[in-house]
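Q: Take the sequence shown: its letter number 17 is residue 16 in numbering that gives the first Met the number 0, and every next letter is one higher.
Structure incoming, see below.
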Amino acid sequence: MFKPNIKLSRITDITVELLDKKNIKGLILDVDNTLSTHHGMTLVDGLEAWISAMENAGIKLMILSNSKEKRVKPFAEKIGLPFSSLGCKPLPFGYMKVKRRMGLKRREVAIVGDQMFTDVLGGNFYGITTIMTDLILAEDKPSFIIRRKLEKKFLKKMKVENGYGC
């Protein structure tokens, strides 16, 4: 349940070709440490061009975050994407809501995020493809530090392959 289907360094490493190969037509996107630093507003390098390329290829994009609307809405507006806040990941309700709004089938949707115990666990539990990215900047809260250490141990044991080989 904790193993991502695909492991990449950054969100911008996801290509249209990879998504075509996996028959993915929509991406559910995490915000913090996936599109920007935790609670940051600065976009990862190349994000705007990546979003444009995905949209031009017909890939549906939508943000799903556990954060409150006051955090997610300004970020989503900045990059022009629809969003759903208070997603309660890893519970399946947020994934269901976003998938329904996209008008896609589960097998056509993937979650992209940096956290094994929210994004990956929830996506696997809901039955969609999971794409885990490296975190952008380590958080300093004790709960995050503990989770990140556990993630490293899990990933090492799972021997998750990078890129297309998962």
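Idealized CB from N, CA, C, for every residue including glycine.
For clarity, every value in this text was computed on a predicted model and none was experimentally measured.
(1) Please return the same chain residues whose Cβ sits closer than 7 Å to the Cβ of residue 117, not counting the five positions on each side in sequence.
(2) Using the rule of at least 16 other Cβ atoms within 10 Å of the residue's Cβ for burial, across every protein chain shown, is residue 163 buried or exposed?
(3) Buried or exposed for residue 113, going by 16 or more other Cβ atoms inside 10 Å?
(4) Could you check whether residue 23 and residue 108 sit closer than 8 Å to each other, using their CB atoms as the reference points?
(5) Looking at residue 28 and residue 58, is the spacing between their C-beta atoms short of 8 Å?
(6) Reducing DSSP to helix, strand and coil, say where residue 40 ends up.
(7) Using a Cβ-Cβ cutoff of less than 7 Å, which residues in the same chain neighbour residue 101 once the five nearest sequence positions on both sides are dropped?
(8) Could you give the uninterrupted runs of the beta strand (DSSP E) lying entirely in the region 64-140, keeping only those of 3 residues or more?
(9) State the beta-bridge partners of residue 7 as determined by DSSP.
(10) Does DSSP put residue 58 in a helix, in a strand, or in coil?
(11) Going by C-alpha distance, which of 85, 40 and 78 is nearest residue 53?
(12) Alpha carbon to alpha carbon, how far is residue 0 from residue 110?
(13) Write down the C-beta distance between residue 63 and residue 93 rounded to the nearest angstrom, noting that I regard them as a contact closer than 8 Å.
(14) Could you tell me whether the Cβ atoms of residue 15 and residue 71 are closer together than 8 Å?
(15) Would you mind reading off the limits of the alpha helix (DSSP H) that contains residue 34?
(16) Tell me whether residue 23 sits in a helix, a strand or coil according to DSSP, three-state version.
(17) Quick check on DSSP: helix, strand or coil for residue 0?
A: Quick answer:
(1) 65, 88 and 89
(2) Note that residue 163 scores 40 on pLDDT, short of 50, meaning its location in the model is unreliable; the coordinates nonetheless yield the value given after this. The residue in question, residue 163, is exposed, as its Cβ has fewer than 16 Cβ neighbours within 10 Å.
(3) buried
(4) yes
(5) no
(6) coil
(7) 25, 59, 61 and 108
(8) 108-112 and 128-132
(9) 132
(10) coil
(11) 78
(12) 14 Å
(13) 5 Å
(14) no
(15) Segment: none, residue 34 is in no alpha helix (DSSP H) and carries neither H nor E.
(16) coil
(17) coil
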